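Remarks on the structure that follows.
Spelled out as structure tokens, the structure:
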């Protein structure tokens, strides 16, 4: 990995969870990001299907000190969109599928890229094509056991299960071999955001990060 990619990768791992901000609203996105940050979640994925995604990425990045948080783009489906998001300041690119052209653009710019995979073959092919992180998607369809089945023979592959991750199962995914997880609705309750109840967003973020930390400690203990 290049130095910049290594930095972003390390910050994703430190956060433990990437907050998937689908349908983010310009009026509340900074409040939501701040609430997540206060709860220990410091990695934000603003999906490219958001209106004005590029502007939102810039706005969130500008609201925090350098390296305090990392902001990337998700649901990136083609290389022109990847280029646009990188130009807008996205520090990482996530897609639901594996597109070699997107990997090529990201590798050219030294931007961390996490394509979507599901099978061991897809995982290895994407990694050998230049992926830095592998989004196991949709995770809810296959569950933590599938993740451990990939991690068993391919322990060097960094996996990020996304889709259906919540406070009740996040520890299972970490214990199964996830380097980091992606979570959307379970982290950001739309009713709470609409009501301006950002404290509850912070509380949920704290629970997520605590579950991840505890699961990592269990993994460390079992391997020692």
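Residue numbers (the numbering used here): 1 to 224.
Beta carbons: idealized from backbone N, C-alpha and C, even for Gly.
Note that this is a predicted model, so its numbers are computed, not measured.
>> Quick check on the burial criterion: 16 or more other C-beta atoms within 10 angstroms. Buried or exposed for residue 3?
In response: With fewer than 16 Cβ atoms within 10 Å of its Cβ, residue 3 is classed as exposed.
> Are the stretch 73–82 and the stretch 96–113 in contact at 8 angstroms, needing three or more beta carbon pairs?
Replying inline: In short, these stretches touch, since the Cβ pair count reaches three.
> Hey, is the stretch 38–47 in contact with the stretch 56–72, meaning 3+ C-beta pairs nearer than 8 angstroms?
Replying inline: A contact between stretches requires three or more CB pairs, one per stretch, nearer than 8 angstroms, and the stretch 38–47 meets this requirement with the stretch 56–72.
> Do the CB positions of residue 122 and residue 167 come within less than 8 angstroms of each other?
Replying inline: Cβ distance not < 8 angstroms, so residue 122 and residue 167 don't count as in contact.
>> Below 8 angstroms on the Cβ atoms is my contact criterion, and I expect residue 52 with residue 90 to pass it. Report the Cβ-Cβ distance as a whole number of Å.
In response: So it is not a contact: roughly 14 angstroms between Cβ atoms.
> Could you check where the alpha helix (DSSP H) with residue 155 kicks off and where it finishes?
Replying inline: Here residue 155 belongs to no alpha helix (DSSP H), and DSSP marks it neither H nor E.
> Below 8 angstroms between beta carbons: does that hold for residue 183 and residue 159?
Replying inline: Taking 8 angstroms as the Cβ cut-off, residue 183 and residue 159 do not qualify as a contacting pair.
> Since residue 12 and residue 134 are thought to touch, with beta carbons under 8 angstroms apart, how far apart are those beta carbons, to the nearest angstrom?
Replying inline: The Cβ separation is near 12 angstroms, so there is no contact.
> Is it true that the stretch 181–200 meets the stretch 147–157, where meeting means three or more beta-carbon pairs spaced less than 8 angstroms apart?
Replying inline: Of all C-beta pairs linking the stretch 181–200 to the stretch 147–157, fewer than three are shorter than 8 angstroms, placing the two stretches out of contact.
> How big is the Cα-Cα spacing for residue 131 and residue 103?
Replying inline: Distance between the alpha carbons of residue 131 and residue 103 is about 6 angstroms.
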